[in-house]
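Trainee:
2 protein chains.
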Amino acid sequence: MSRTSPNISSDTAAPVAVTVGALPGSRKVYARPAERPDLRVPFREIALSDPSLEPVRVYDTSGPYTDDAAAIDLAAGAPCLRAPWLAERGLETVAGRAVRPEDNGGASGERLVPRCPAERTILRGRAGAPVTQLELARAGIVTPEMAFVAHRENLCREAAAAEAGARLADGERFGAAIPDFVTPEFVRDEVARGRAIIPANVNHPELEPMAIGRNFLVKINANIGNSAVTSSVAEEVEKMVWAIRWGADTVMDLSTGRNIHNIRSWIIRNSPVPIGTVPIYQALEKVGGDPLKLDWEVFKDTLIEQAEQGVDYMTIHAGVRLAHVPLTAHRVTGVVSRGGSIMARWCLAAHRESFLYERFEEICDILRAYDVSFSLGDGLRPGSVADANDAAQFAELETLGELTTIAWDKGCQVMIEGPGHVPMHKIEANMKKQLEACGEAPFYTLGPLTTDIAPGYDHITSGIGAAMIGWFGCAMLCYVTPKEHLGLPDRDDVKTGVITYKLAAHAADLAKGHPLARIRDDALSQARFAFRWEDQFNLSLDPDTARAFHDETLPKEAHKVAHFCSMCGPKFCSMKISQDIRAEVQAFAAAEEGMRDKAREFVEGGGALYVPAPGETGDPVT
Amino acid sequence: MSRTSPNISSDTAAPVAVTVGALPGSRKVYARPAERPDLRVPFREIALSDPSLEPVRVYDTSGPYTDDAAAIDLAAGAPCLRAPWLAERGLETVAGRAVRPEDNGGASGERLVPRCPAERTILRGRAGAPVTQLELARAGIVTPEMAFVAHRENLCREAAAAEAGARLADGERFGAAIPDFVTPEFVRDEVARGRAIIPANVNHPELEPMAIGRNFLVKINANIGNSAVTSSVAEEVEKMVWAIRWGADTVMDLSTGRNIHNIRSWIIRNSPVPIGTVPIYQALEKVGGDPLKLDWEVFKDTLIEQAEQGVDYMTIHAGVRLAHVPLTAHRVTGVVSRGGSIMARWCLAAHRESFLYERFEEICDILRAYDVSFSLGDGLRPGSVADANDAAQFAELETLGELTTIAWDKGCQVMIEGPGHVPMHKIEANMKKQLEACGEAPFYTLGPLTTDIAPGYDHITSGIGAAMIGWFGCAMLCYVTPKEHLGLPDRDDVKTGVITYKLAAHAADLAKGHPLARIRDDALSQARFAFRWEDQFNLSLDPDTARAFHDETLPKEAHKVAHFCSMCGPKFCSMKISQDIRAEVQAFAAAEEGMRDKAREFVEGGGALYVPAPGETGDPVT
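As they're listed, the protein sequences go chains A and B. Residue numbers for the first sequence, in our numbering: -10 to 611. Residue numbers for the second sequence, in our numbering: -10 to 611.
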């Protein structure tokens, strides 16, 4: 049952509470891999009402908040499970950059949100020694992060894999190389090749590591963040906890306005998932909102500030080059990326090449030192179906490919951001071009939205595109909420966006023939067929909504075992009738072996009627 | 503005009221094709706030209810626009079958809903003379229905077509043969070939004709209907009006329980869209709910009863043969079609071949006489991803192909129902197999749902599959609401289902490169880019929701012209910044022709920086 955490100590004004407690029918379990008994890999176990059935284990992003045994103390931050691993990595401890008033947009007095009091030692890699997961992987080192990821991706289902392998391996993978079983060495190899990243800043010890790559489960990102117009720190921290409760694999904090630094401190210190940011937003705040006042110094300062806080990946719009900007002049919707438009404006007004592009190697050096992964931003992504796959978009993508090579040479982990608004017939080309241009670096797309005509429903217009591009090979899908284009998402919108993207990512995993993806589908469908209503609710992505919808018309406890629902009523329930059919067919099969062969013969031959077993009737369905 | 119609006369107890009034910013218009000035083809015209822009015309399914000039009288029924056409068709007038108590499930006294008092002459075709649209098409006759459809599909946009043709023709059509311009002769030819149907019972004069076929706009169906457990006649009639208000192209009345006949009379007499039914449901009610008591006589009686009322298409599960039933024995979810399970149960219990299969030619003769189209039911569709594309499903599909040929020989219009639950990688095979097995008869699928794990969100799991199969060639998509698997949809669920399927169908049209489909996307995106908020709302599929979402955070009138929304706030609005960029780029372009060529040279050459026009700066974004 979800509930609200108790208030944290009164001397920290915000945030006060987040949603905690296990999901219905579920409990948190931790697995200790045989080869790495020091690791505690979290899963969620969904109990089934039929005692003959094993609980169903599912991938779990929700951190300590759904662990009924965990004490949640937001002021102290989440447990630092990576601290012992990081202690062995030969990192240097640094004093860290002092926080300045402009980091919080000059907020002071009552308008200044307090910083999260949880203090962490600030770490940084040394030159010449491997620090990033990519450098470590290339050095042949299987990090604890890689072992954790391998175990997490397998869902501890060795036995199920052996049993289910043949049954499930029927997907279409478009060149992806998904193994039947994920080993730590496989993870190392994928990271070393740049085909996967493990976003894991050395200053984010609270992180439960995860991988983004097309040979792993498809991941989803939820954006949170206030805007200058609305929302508070308490809301944003709760949005993070809420987003991971429903399955967000990473969270991007896109806050603008005041208190950016301090809000982020609460989010990172309490986040078990990688946190991404777009540093140019904060840099712009530091110069009073005028893109023309941006320069390398303020941007560099912001990178270091955020890297020291523990941001795991950063969107850098270094692909928006001066020469690309005129290519957008005849677009229906111009430049629709916030970061992209800021940089385009800067380039054009300053009559200069982008400083992000010119200083890219220096950016790499900074990000490498903390193992901040690049999310190379698609500043020129299409904002309407009219602009999809145009010259501006693909010119930038080529540049991102060039930058990927540089970042890899510098030892940095890289993923590539993608669109946007793309009609269905142009989606596959995006995936193919990205793989070619960017050397198979993971792709991370926003949707794409497959039509422009449904504001208010863009979680759906984009969920269609997201499922498809996930199938084609996209590694992470950035959610879109129902409020897209209309306003800042609230808590309900975040949930709707996350659930929509979870189902899209899962549909992609199924279509790729991901080993074991179908276990949950089958468990739910078996529960449905057997009228185990509670199991059907609990196995669903959103048990609360499923139960509420059912109970709108049939609220009584007795209806939780009823062999019908209000959709068809008792006489017309196909599942009920089908159970009767099954009993009859099985009785017949027992009486006469080979019935199915006969049936097949019948179909092929178009011949004589099938002769039933004697006495084979059933009660009418009442 | 929507409002509720006044109560109808008090001597008819139900229904009392439906939603009427134009959609926001819209008005109903009627076009008179030059070649057929007697036709009044309805459209919706969305006015734009920029006086230099033409209103946008959209396909309109909503009938008189959105025409502010129309007087709505539910007891009198909708206007009979087809009456003069039908009068010229040489049909015979029949007395009609007398209504019997069992037609309404034996309801009497207060429990008996009154029949709709609107009386219509009951018509029937004669043997030997063409009566169905298929027979007329084969005879070379372009019916008024065909001319109406042609004009409706073109959206009267001859000029726009000429202008936009090259820009838009970039889809992937998978063998569909969509013309740039739809002529009445094209419609006739498609109907004659069986590639399209115009469901149009001769006893449904209120119908505004529409076509279902893969060379036309993709259509959607909304299911309504009470179950034995819940819902009333007033709700059901309002659901029909509500569903077509948001864009349902056809409506299926799946009512079970009491009062089926009389509820249907209200629905058909007031419906401008084709009404579909599943006659076996009512037949089962007539025999007290016991599938084993079903026989040809009660089914035949039901066909005639419903055909005389004006049902436009009927789902007939004649493909569920005795020999197919054992093929479902090892399925995860058995038989999940209500009609399919009833017939499977009957076959197995009676140890006999399905009477629907054995009597199929007789069924054809009845349906032909009223031009009721077949919707050949997929009684064995998969109810879980585990069961997708299995032997039972495809054995039935082969049978449906065989039945299609028989029905065509008998002069009947035919479409084919399809699944169901299908993971993405198995969807295209469904479409291909259907086209092959059924001679290109239109396909009509339920979703398909691409995963089983999201009850409460199955409009989305299925919207993904629906968009894809629509793209591949499916002609009509049967909606799934958020309540699927959980309960009977209410009015809100109907709307959510319809909007989701409208956007899926539109995404499919876009991907097919349907001429002019993109006009609405472009108009909306242009409005978005120009901060014409009211236009953005009004051009969307659901203006009420789009406006409400926007107004949650920025309710003031002044915000309807603001150059930002609460999502990003004023400083971070990429559209705003992008407008500034555009102004600068255009100023530059005016100063120096060939700038874009230079930009391209730059990208290709990777060389010198672009030299801007003098004085090219802009105000900071504030």
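Using N, Cα and C, we set each Cβ at its ideal position, and we do this for glycine too.
The alpha helix (DSSP H) that contains G454 (chain A), what's its start and end?
Mentor: 447 to 461 is the span of the alpha helix (DSSP H), which, as asked, contains G454 (chain A).
Trainee: Under 9 angstroms, CB to CB, which of the residues in the region 549 to 574 of chain B have a partner in chain A?
Mentor: If the cut-off is 9 angstroms between Cβ atoms, the region 549 to 574 of chain B has F553, C554, S555, M556, C557, G558, P559, K560, F561, C562, S563, M564, K565, I566, S567, Q568, D569, I570, R571, E573, V574 near chain A.
Trainee: Let's test the definition: count the other Cβ atoms within 10 Å of the Cβ of G616 (chain A) and tell me whether it reaches 16, buried, or not, exposed.
Mentor: The structure shown does not extend to residue 616 (chain A), since chain A is modelled only from -10 through 611, so no value can be given for it.
Trainee: Could you work out which residues of chain B lie near I331 (chain A), taking near to mean beta carbons separated by less than 7 angstroms?
Mentor: Within 7 angstroms Cβ-Cβ: I566.
Trainee: Measure the Cβ-Cβ separation of E541 (chain B) and G476 (chain A) and say whether it is below 8 angstroms.
Mentor: For E541 (chain B) and G476 (chain A), yes; Cβs fall inside 8 angstroms.
Trainee: Are there 16 or more other CB atoms within 10 angstroms of the CB of H552 (chain A), so buried, or fewer, so exposed?
Mentor: The residue is exposed, with fewer than 16 neighbouring Cβ atoms inside 10 Å.
Trainee: Just to confirm the assignment, what range does the alpha helix (DSSP H) spanning A307 (chain B) have?
Mentor: Counting along the chain, A307 (chain B) falls outside any alpha helix (DSSP H), and DSSP gives it neither H nor E.
Trainee: Answer with buried or exposed for Y48 (chain B), where buried requires no fewer than 16 other C-beta atoms within 10 angstroms of its C-beta.
Mentor: The residue is buried, with at least 16 neighbouring Cβ atoms inside 10 Å.
Trainee: Excluding the 5 residues preceding and the 5 following L206 (chain A) in the sequence, name in chain order all residues of the same chain whose CB lies nearer than 7 angstroms to its CB.
Mentor: Taken in chain order, the residues that qualify are Y48, E142, D498, H503.
Trainee: Can you tell me where the alpha helix (DSSP H) holding L499 (chain A) begins and where it ends?
Mentor: Per DSSP, L499 (chain A) belongs to the alpha helix (DSSP H) from 480 to 500.
Trainee: Within 8 angstroms of any Cβ in chain A, is that where the Cβ of G246 (chain B) sits?
Mentor: Output row for G246 (chain B): interface = yes.
Trainee: Between A396 (chain B) and P437 (chain B), what straight-line distance do the alpha-carbon atoms span, to the nearest angstrom?
Mentor: Going by the C-alpha atoms only, they are around 26 angstroms apart.
Trainee: In the DSSP assignment, the beta strand (DSSP E) including F538 (chain B) goes from what residue to what residue?
Mentor: It is not in any beta strand (DSSP E) - F538 (chain B) instead sits in the alpha helix (DSSP H) that spans 532 to 542.
Trainee: Is the CB of A588 (chain B) under 8 angstroms away from at least one CB in chain A?
Mentor: For A588 (chain B), the predicted model reports a pLDDT of 49, less than 50, meaning its position is unreliable and no value from the coordinates is stated.
Trainee: Roughly how far, in whole angstroms, is the beta-carbon of G299 (chain A) from the beta-carbon of N192 (chain A), given that I think they are within contact range, below 8 angstroms?
Mentor: Going by Cβ atoms, the distance from G299 (chain A) to N192 (chain A) rounds to 4 angstroms, so yes, they are a contact pair.
Trainee: Can you have a look at P408 (chain B) and say buried or exposed, based on whether 16 or more other CB atoms are within 10 angstroms of its CB?
Mentor: Buried, because 16 or more other Cβ atoms sit within 10 Å of the Cβ of P408 (chain B).
Trainee: Tell me the DSSP bridge mates of V18 (chain A)?
Mentor: DSSP, once it has assigned bridges, lists A:F32 as partnering V18 (chain A).
Trainee: On the premise that Q402 (chain A) lies in contact with L123 (chain A), defined as a C-beta separation below 8 angstroms, what is that separation, rounded to the nearest angstrom?
Mentor: With 8 angstroms as the limit, L123 (chain A) and Q402 (chain A) qualify as a contact, their Cβ atoms being about 5 angstroms apart.
Trainee: In chain A, which residues lie less than 8 angstroms from F538 (chain B) when you measure between Cβ atoms?
Mentor: Within 8 angstroms Cβ-Cβ: P444, G445, P471, K472, L475, G476.
Trainee: So, for P478 (chain B): in the same chain, excluding its five sequence neighbours on each side, which residues have a beta-carbon less than 6 angstroms away from its beta-carbon?
Mentor: Within the same chain, P478 (chain B) has close Cβ partners T470, K472.
Trainee: Alpha carbon to alpha carbon, how far is S15 (chain A) from D524 (chain B)?
Mentor: Using only the alpha carbons, I get a separation of about 46 angstroms.
Trainee: Have a look at the DSSP bridge pairing and note the partners of D242 (chain B).
Mentor: In DSSP, D242 (chain B) forms a bridge with B:I213.
Trainee: Kindly confirm or deny that the region 280 to 288 of chain A and the region 104 to 114 of chain A touch, where touching means at least three C-beta pairs closer than 8 angstroms.
Mentor: Too few Cβ pairs lie closer than 8 angstroms, so no.
Trainee: Is it buried or exposed, P198 (chain B), if we count other Cβ atoms within 10 angstroms and call 16 or more buried?
Mentor: By the 10 Å Cβ count, P198 (chain B) comes out buried.
Trainee: What residue does the alpha helix (DSSP H) around E425 (chain B) start on, and which one ends it?
Mentor: Unbroken alpha helix (DSSP H) run through E425 (chain B): 416 to 426.
Trainee: To the nearest angstrom, how far is it from the Cα of S260 (chain B) to the Cα of E274 (chain A)?
Mentor: Between S260 (chain B) and E274 (chain A), the C-alpha separation is close to 57 angstroms.
Trainee: If the cut-off is 9 angstroms on Cβ atoms, which residues from the region 266 to 286 of chain A count as contacting chain C, listed in chain order?
Mentor: Absent from the structure: chain C. Protein chains present are A and B.
Trainee: Would you mind listing the alpha helix (DSSP H) stretches within the region 115 to 145 of chain B that are 4+ residues and don't spill past its ends, in chain order?
Mentor: You should have 122 to 127, 133 to 143.
Trainee: In chain B, what lies closer than 7 angstroms to A500 (chain A) by C-beta?
Mentor: Within chain B, the residues near A500 (chain A) are P412, M413, H414.
Trainee: Is it the case that the region 503 to 523 of chain B contacts the region 49 to 62 of chain B, given that we only count it when at least three CB pairs across the two stretches are under 8 angstroms?
Mentor: Counting Cβ pairs under 8 angstroms, fewer than three are found: no touch.
Trainee: Residues of the region 452 to 472 of chain A in Cβ contact with chain B at a cutoff of 8 angstroms, in chain order, please.
Mentor: The region 452 to 472 of chain A vs chain B, Cβ under 8 angstroms: G452, I453, A456, M457, W460, P471, K472.
Trainee: Does the Cβ-Cβ distance between P194 (chain A) and R86 (chain A) come in under 8 angstroms?
Mentor: For P194 (chain A) and R86 (chain A), no; Cβs fall outside 8 angstroms.
Trainee: The alpha helix (DSSP H) that contains F432 (chain B), what's its start and end?
Mentor: Premise fails: F432 (chain B) lies in the beta strand (DSSP E), 432 to 435, not in any alpha helix (DSSP H).
Trainee: Within 10 angstroms of its Cβ, does R89 (chain A) collect 16 or more other Cβ (buried), or is it exposed?
Mentor: It counts as exposed.
Trainee: Would you tell me roughly how many angstroms separate the C-alpha atoms of V45 (chain B) and A23 (chain B), rounded to the nearest one?
Mentor: Those two C-alpha atoms are separated by around 21 angstroms.
Trainee: Along the chain, where does the beta strand (DSSP E) that runs through I111 (chain B) open and close?
Mentor: Note, I111 (chain B): beta strand (DSSP E), 111 to 113.
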